[in-house]
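**Q**
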Amino acid sequence: MKRTIGIVSAVSISLLLAIGVLAHERRSRSDKDLDFPAVQAVATPADLQSPGAKLLPFQAYDLMSAVAQPLLSFPIMKRAVAVTASSTSETPLSKLLTSQLTTVGLGQIRIGMTVEEVAQAGIQLVPLDGNARGECQYLRVPKSLESVGFMVVDDQIIRVDVWPGSSIETKSGIKIGATEADILEYYEGRIEMAPNPETGGKYLVFTPSGEGEDLYRLVFETDPEERVVAFRSGQFPAVIWPEGCL
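Take 46 as the starting number for the sequence shown in the numbering used here and just add one per residue.
This is the structure in structure tokens:
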């Protein structure tokens, strides 16, 4: 009986010592000890079936799992980042759709550009039927800006028209449906007015005063209720042609 107790005690002490050594090694090892060479001895399935195969402690398998899992997930993360980047990137067309009309153009389409230069900027223009007069014609962006026309004379864009149904506005915030009072308030003292026989309202013309800008105009057309029904920007005198290219 005493012999049995002695054997049990010896085994218990040995186990406690072994656990203590393992705990000490686990506390004392540094990040340097966790490099890949420390786990290269992981047994393969074939090794596990071979006589004398050496099994690593559970800690080694835990380490391999911790290292392998992020590596397996990396391709998925990379694809997710790529999709997010592509979905949030701004295209030339999306930029144009949110641009404001100024005296010198709309977004990246500037007064004086050729049609080829517009295409190089990533915007394709197609003819607007029924508005040609000699070398003058209107082009538009298909399926996106149906209510905006780009007047082209001798292959150069010289005017941008905004018609009813468009949400485009000027840099000052004037858009279809704005009032004459809105225009007069913003461009205080810088608006010339004339009757508009076509709409029964008025023409309101703004001429910029900056150096080299007096060639350009903003022209607003209103109805009898004094609301904006169309507006445009471009070079003088084409910008004041009441019938466009007709």
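For every residue, glycine included, the Cβ atom is placed at its ideal position computed from N, Cα and C.
Identify every residue that forms a DSSP beta bridge with Gly150.
**A** Here residue 150 refers to the residue found at position 105 of the sequence shown. In the DSSP output, where bridge partners are listed per residue, Gly150 has Thr147 and Arg155.
**Q** Specify, as a first and last residue, the run of the beta strand (DSSP E) that Val273 falls within.
**A** As a position in the sequence shown, residue 273 is number 228, starting the count at 1. Where Val273 is concerned, the enclosing beta strand (DSSP E) stretches over Val273 to Gln280.
**Q** Just grab the DSSP bridge partners of Tyr261 for me.
**A** By 1-based counting over the sequence shown, the position of residue 261 is 216. Partner(s): Gln280.
**Q** If you compare alpha carbons, which of Thr244, Ala164, Tyr261 and Gly245 is closest to Thr252?
**A** Here residue 252 is taken as the residue at index 207 of the sequence shown, counted from 1. Thr252 has its Cα closest to that of Tyr261, out of Thr244, Ala164, Tyr261 and Gly245.
**Q** Just tell me which of Ile156, Glu271, Glu270 and Pro269 has its CA closest to the CA of Asp206.
**A** Counting from 1 along the sequence shown, the entry for residue 206 is found at position 161. When each option's Cα is compared against that of Asp206, the closest is Ile156.
**Q** Out of Val197, Leu173 and Thr148, state which residue places its alpha-carbon closest to the alpha-carbon of Pro187.
**A** Reading the sequence shown from its first residue, position 142 is the one you call residue 187. Considering only alpha carbons, the answer is Leu173.
**Q** If you drop the 5 nearest sequence neighbours on each side, which residues of the same chain put their C-beta closer than 8 Å to that of Ile219?
**A** Locating residue 219 in the sequence shown gives position 174, counting from the first residue. Correct list, in chain order: Asp227, Ile228, Tyr231, Phe265, Val273 and Phe276.
**Q** Label Gln169 either buried or exposed according to how many other C-beta atoms from any shown protein chain fall within 10 Å of its C-beta, with 16 as the threshold for buried.
**A** Working through the sequence shown from its first residue, we reach residue 169 at position 124. Exposed, because fewer than 16 other Cβ atoms sit within 10 Å of the Cβ of Gln169.
**Q** For Glu225, count the other beta carbons within 10 Å of its own beta carbon; 16 or more makes it buried, fewer makes it exposed. Which is it?
**A** The residue you call residue 225 lines up with position 180 of the sequence shown. So Glu225 counts as buried.
**Q** Any idea which residues DSSP pairs Asp206 with across the strands?
**A** In the sequence shown, counting from the first residue as 1, residue 206 sits at position 161. Beta-bridge pairing links Asp206 to Gly194 and Arg277.
**Q** Quick one: what's got a C-beta closer than 8 Å to Val193's C-beta in the same chain, skipping five residues either side?
**A** Position 148 of the sequence shown, counting from 1, holds the residue named residue 193. Taken in chain order, the residues that qualify are Leu151, Arg185, Val186, Val205, Asp206, Val207, Trp208, Ser211 and Ile213.
**Q** Keeping to the same chain, check which residues put their C-beta closer than 6 Å to that of Lys216; ignore five residues upstream and five downstream.
**A** The count along the sequence shown starts at 1 and reaches residue 216 at position 171. Once the five neighbours on either side are set aside, the close Cβ partners of Lys216 are Gln145 and Thr147.
**Q** If distances are taken between C-alpha atoms only, which option among Thr267, Glu271, Ser134 and Gly257 comes closest to Gln280?
**A** To locate residue 280, count along the sequence shown from 1; it is residue 235. Answer by Cα proximity: Gly257.
**Q** Check for me: the beta strand (DSSP E) holding Ile236 runs from which residue to which?
**A** The residue given as residue 236 occupies position 191 in the sequence shown. Residues Ile236 to Asn241.
**Q** In whole angstroms, what is the alpha-carbon distance linking Gly167 and Val197?
**A** For the purposes of this step, residue 167 is identified with residue 122 of the sequence shown, where counting begins at 1. For the purposes of this step, residue 197 is identified with residue 152 of the sequence shown, where counting begins at 1. Taking the straight line from one Cα to the other gives about 18 Å.
**Q** Give the DSSP-derived three-state secondary structure of Glu288 in the structure shown.
**A** In the sequence shown, the residue the question calls residue 288 occupies position 243. The answer is coil: DSSP assigns Glu288 none of H, G, I, E or B.
**Q** Mind checking whether Pro282 and Asn241 have CB atoms under 9 Å apart?
**A** Here residue 282 is taken as the residue at index 237 of the sequence shown, counted from 1. Here residue 241 is taken as the residue at index 196 of the sequence shown, counted from 1. Cβ atoms of Pro282 and Asn241: not closer than 9 Å.
**Q** Hey, Val284 and Ile203: beta-carbon distance below 9 Å or not?
**A** As a first step, residue 284 must be located in the sequence shown, where it is residue number 239. As a first step, residue 203 must be located in the sequence shown, where it is residue number 158. Against a cut-off of 9 Å, the Cβ pair of Ile203 and Val284 comes out as a contact.
**Q** Can you tell me whether DSSP reads Pro269 as helix, strand or coil?
**A** Taking the first residue of the sequence shown as position 1, residue 269 is located at position 224. Pro269 falls in the coil class under three-state DSSP.
**Q** Taking Leu142 as part of the alpha helix (DSSP H), name the residues at either end of that continuous run.
**A** What you label residue 142 is simply residue 97 of the sequence shown in a count that begins at 1. Unbroken alpha helix (DSSP H) run through Leu142: Pro137 to Leu142.
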